[in-house]
Amino acid sequence: VIASILGVFSGAVNAQVGIAVDPGALSVTAREGVCGMFSLDSCDFADDFSDSSSGWPYFQLPTSSYSYQNGQYKWEWTGGSGSGAVFSNAGTTCDDPTIAVDATISTTTHPDTDDVITGILFRFADNDNYYAFSVSSKGSYQVYKLVDSIYTELVPWTSSGAIATGLATNRLFARAIGSQIIVGVNGQVLTTTTDVSLPSGAAGLTAHKPSTSDHTIVLFDNFAQESTVLVPELVINHRDGSPGSFFALAGM
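All residue numbers for the sequence shown refer to the working numbering, where the first residue is 21 and numbers rise by one.
Here it is as structure tokens:
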């Protein structure tokens, strides 16, 4: 459960364009790059966290801190279980976004058993209305929605060998096109699902520390959002700079 929403996007909302796409319609080609290709449309936003004034919140709380550190965005928790969600005030809302980020579990008390969760929030309207794609450090993923404060699981927790477990980095991505939602990790599509509840909203980052860990650090890097419809191609490369996969809508 998200305990706190710490920031908010601002910006114009693009007109919605619905395009149905399934995993078989996605072509994959190797390409080098860092964050992505952008048309400077109002929906597009990328951040490698090298600039501490880029718009993400940073502050110290009694049992947690949020900060820029060494070109990454660092969340650190001590004590009991904790969750958080953040948004950059430099970002914008988007109808049909593709969002990607590197999520690293850097520290946790029991790396082999602690269930540390990282994820992407998208089409976020407010604290009671958003979609979430979550990935567990134990090798599973989930998609859910909150609509008028009502929680609904769209894709139940499902194991996948594509997810790096324990103290590791995963490149997460989520794509929303009309009613269709596509999620994946490390260049591989995990699943698709459909929902029409939330047509537009902001994108952000989320993480959860379990009560089994006394100390957890999560690092985010190479965040990117772009309009799936207006600029349908996004480089989702690996954090170490090696080429990832270049996903594009078929025929575009």
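For glycine and all other residues, C-beta sits at the position ideal for the given N, C-alpha and C.
In this text, all values refer to a predicted model and were calculated from it rather than measured experimentally.
How big is the Cα-Cα spacing for A273 and P82? This structure cannot settle anything about residue 273, because the visible part of the chain is limited to 21 through 272.
So if DSSP puts S70 in a beta bridge, which residue, or which two residues, is it bridged to? S70 is not bridged to any residue.
Hey, out of P230, R191, S156, whose CA is closest to T118's CA? In terms of Cα proximity to T118, the closest of P230, R191, S156 is R191.
What are the start and end residues of each continuous beta strand (DSSP E) run of 3 or more residues lying completely inside the region 155-189, in chain order? Counting only runs that start and end inside the region 155-189, the beta strand (DSSP E) elements of at least 3 residues fall at 160-167, 170-179.
Counting only the same chain and skipping the five closest in sequence on each side, list residues whose C-beta sits under 8 Å from that of L210. Cβ within range, chain order: Y161, T178, S180, A182, V203, G204.
My assumption, with CB atoms under 8 Å, is that D115 sits in contact with D241. Please give the rounded CB distance. Your pair D115 and D241 does not check out as a contact, with CB atoms roughly 26 Å apart and the cut at 8 Å.
Got a sec? Which residues, its chain only, sit under 7 Å from T213 by beta carbon, not counting five neighbours each side? Closer than 7 Å at the Cβ level, and outside the excluded window around T213, lie V163, L174, V175, I201.
Proximal residues to D67 (C-beta, below 6 Å), its chain only, five neighbours per side dropped: These residues qualify, in order along the chain: S74, F243.
Terminal residues of the continuous beta strand (DSSP E) containing G100? In the DSSP assignment, G100 falls outside any beta strand (DSSP E), carrying neither H nor E.
Starting from the C-beta of S126, find all residues in its chain whose C-beta is less than 6 Å away, skip the five residues before and the five after it, and write them out in chain order. Around S126: I237, L239.
Taking 7 Å as the threshold (C-beta atoms), are T129 and H235 in contact? When the beta-carbon positions are compared, H235 and T129 come within less than 7 Å of each other.
Please state whether DSSP places V205 in a helix, a strand or coil. Three-state DSSP puts V205 in a strand.
Separation of F65 from T113, as counted between CA atoms: In this structure, the CA atom of T113 is about 10 Å from the CA atom of F65.
If you drop the 5 nearest sequence neighbours on each side, which residues of the same chain put their C-beta closer than 6 Å to that of D71? No residues qualify anywhere along the chain.
Quick check on the burial criterion: 16 or more other C-beta atoms within 10 angstroms. Buried or exposed for Y171? It is exposed - the Cβ of Y171 has fewer than 16 other Cβ atoms within 10 Å.
Round the Cβ separation of A222 and F144 to the nearest angstrom and send it over; I've been treating them as touching at under 8 Å. At roughly 4 Å, the Cβ-Cβ gap stays under 8 Å, so A222 and F144 are in contact.
Say the cut is 6 Å; is the CB of Y161 nearer than that to a heavy atom of the ligand HEM? Among the components modelled here there is no ligand, and therefore nothing to report on the ligand HEM.
Can you name, in chain order, every residue of its own chain whose Cβ lies under 6 Å from the Cβ of E96, other than the five neighbours on each side? Cβ contact annotation for E96 (same chain, cutoff 6 Å, sequence separation greater than five): S85, I237, in chain order.
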